[in-house]
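Written out as structure tokens, the structure reads:
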């Protein structure tokens, strides 16, 4: 009898092992949902599933949709150019006026999920629950903001006319990730569009600041690689994302947990944690804090300067006699592995410039070490095995280079570096990510010498003037021939209101 019981237990365990292997990806998603749900201790009565519109159809947009869907929300994707959703549309099915397709997600989030596909900015705005996420390169923000602003204003004004008098409506726009005061530019557009609509229709309505909230992230919630027109590999889901909401109000206090949907849409902290899981950290200092919390541009500057010859293919040599010229190509290279000790030191020095500016503004921002630890799940310290050199210390901080080597050799979440000089690391991050830091450094008499030198070096390499290419800052009059730099008090006011009041923007 004892042996029969043992054999029965062996069969039971074997069957469970087969069951577990067969449903690994399903349980992985379920585990994520349970972990996220259990961690939202301070978000009582989690909100129901929301329809969320995503602007963009690249890697981050697909990864963001995957995260939303894994937490039981309903994403819709809009490709402003139309190119990013060609494959989704080809395999879509109609459900009323909406086209629904599927995206296959692998990596950190393994599941296949439904995604709605929008054909226009108007459809994206009106088909969702007053929540939009901008998830596309920053150098495309100005164009899509100009396309979205009139649709947002028309939609909100229509809701205002049709809703009950006591219902306060909020349109919440999340910028993932924020750079170059994009929220200020969008706020200015919304004000101007509302002014034009009201004047042409002899209408009255609440001020824009009463019905819009713009939440700005210091980085994306995920890192991802788009594998095809209908699949994405989510490389990592970040442990922590810095954020702020403008215009600021007491509702932004993380301890506020208003339960009605209107209150949730007013509260950037509650909304983001409910949509994307408990990973958001409110940064005091508003837009100034978030502008100085986006480390990707400074990190990419160090990577590019240290690895340009890996990105830039050499031209073929002049032909000699009748010999066929060789084919010139770039060899694949791993980004983290190539952050050598000296490249890492450059990145650390760039980080000190940014932190010096933040300290001058009395703003607390994450360090480059916290960024790599929270984003890529590597420790901040390592054990000391030779105790003779350091009295009593059992650990020491990891360097940036060491953290990246751990990502490459142990964690398996290193990524291939750029293989084209026309990389977003340069064309997007230099004008849209570094220039504002330089402007703030000049204003505070804390010059960001390495940042500015890097911009000048890359401008020389590319034969361009990256200091003048930021269309968002141009639109706000902060760079260009007629630029006027606001006072420090104006900057601090803007950080919480989303507007420069001295210019009416």
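In mature numbering (1 follows the signal peptide of the UniProt record, and there is no 0), the protein residues as written are -15 to -1, 1 to 490.
Glycine included, every Cβ here is placed at the ideal spot set by N, Cα and C.
Contacting residues, own chain, Cβ-Cβ under 8 angstroms from residue i (five flanking each side not counted)
i, result
"residue 289", "296, 403, 408, 410, 411 and 443"
"residue 58", "34, 35, 36, 37 and 260"
"residue 266", "225, 226, 227 and 228"
"residue 482", "194, 231, 232 and 233"
Cα-Cα separation, residue i to residue j
i, j, result
"residue 213", "residue 64", "15 angstroms"
"residue 75", "residue 84", "10 angstroms"
"residue 114", "residue 35", "6 angstroms"
"residue 91", "residue 216", "8 angstroms"
"residue 303", "residue 449", "27 angstroms"
"residue 286", "residue 439", "7 angstroms"
"residue 206", "residue 309", "48 angstroms"
"residue 268", "residue 478", "15 angstroms"
"residue 418", "residue 306", "48 angstroms"
"residue 61", "residue 383", "41 angstroms"
"residue 299", "residue 312", "10 angstroms"
"residue 318", "residue 294", "11 angstroms"
"residue 66", "residue 415", "23 angstroms"
"residue 53", "residue 284", "27 angstroms"
"residue 398", "residue 389", "10 angstroms"
"residue 460", "residue 170", "7 angstroms"
"residue 320", "residue 401", "5 angstroms"
"residue 77", "residue 326", "49 angstroms"
"residue 358", "residue 143", "45 angstroms"
"residue 322", "residue 361", "14 angstroms"
"residue 472", "residue 123", "25 angstroms"
"residue 377", "residue 371", "11 angstroms"
"residue 441", "residue 138", "40 angstroms"
Within-8 angstroms CB hit, residue i to chain B
i, result
"residue 407", "Checking the listed chains, one finds no chain B in this structure; it contains a single protein chain."
Test item: CB-CB of residue i and residue j under 8 angstroms
i, j, result
"residue 157", "residue 111", "no"
"residue 118", "residue 73", "no"
"residue 251", "residue 198", "yes"
"residue 455", "residue 165", "yes"
"residue 136", "residue 106", "yes"
"residue 231", "residue 129", "no"
"residue 334", "residue 425", "no"
"residue 233", "residue 271", "yes"
"residue 386", "residue 324", "yes"
"residue 227", "residue 278", "yes"
"residue 431", "residue 366", "no"
"residue 423", "residue 413", "no"
Cβ separation of residue i and residue j, assumed to be a contact under 8 angstroms, to the nearest whole Å
i, j, result
"residue 420", "residue 464", "7 angstroms"
"residue 281", "residue 204", "6 angstroms"
"residue 200", "residue 253", "4 angstroms"
"residue 429", "residue 348", "No, residue 429 and residue 348 are not in contact; Cβ-Cβ is about 11 angstroms, not under 8 angstroms."
"residue 174", "residue 131", "6 angstroms"
"residue 342", "residue 433", "7 angstroms"
"residue 210", "residue 453", "The pair is not a contact, with the Cβ atoms about 32 angstroms apart (cut-off 8 angstroms)."
Residues that DSSP places opposite residue i in a beta bridge
i, result
"residue 91", "218"
"residue 491", "Residue 491 lies beyond the range of the chain shown here (-15 to 490); nothing can be said about it."
"residue 80", "83"
"residue 200", "159 and 230"
"residue 37", "60"
"residue 211", "217"
"residue 116", "157"
"residue 267", "228"
"residue 129", "Its beta-bridge partners do not exist; DSSP assigns none."
"residue 102", "62 and 84"
"residue 319", "401"
"residue 97", "89"
Residues near residue i in its chain [Cβ-Cβ closer than 6 angstroms; skip 5 each side]
i, result
"residue 3", "Because residue 3 carries a pLDDT of 35, less than 50, the predicted location of this residue cannot be relied on, and the following value inherits that uncertainty. Counting only Cβ-Cβ distances below 6 angstroms, and skipping sequence neighbours, we find nothing."
"residue 109", "38, 63 and 103"
"residue 94", "51, 55 and 219"
"residue 381", "369"
"residue 394", "none"
"residue 193", "175, 176 and 179"
"residue 406", "296 and 297"
"residue 159", "118 and 200"
"residue 332", "284, 287 and 385"
"residue 391", "363"
Close Cβ partners of residue i (< 7 angstroms) along its chain, the five nearest in sequence each way excluded
i, result
"residue 71", "214"
"residue 196", "141, 154, 155 and 156"
"residue 126", "119, 167 and 457"
"residue 42", "62, 64, 69 and 70"
"residue -11", "Confidence at residue -11 is low in this model, with a pLDDT of 48, below 50, so the placement of that residue should be treated as unreliable; the coordinate-derived value is given next. Correct list: empty, nothing qualifies."
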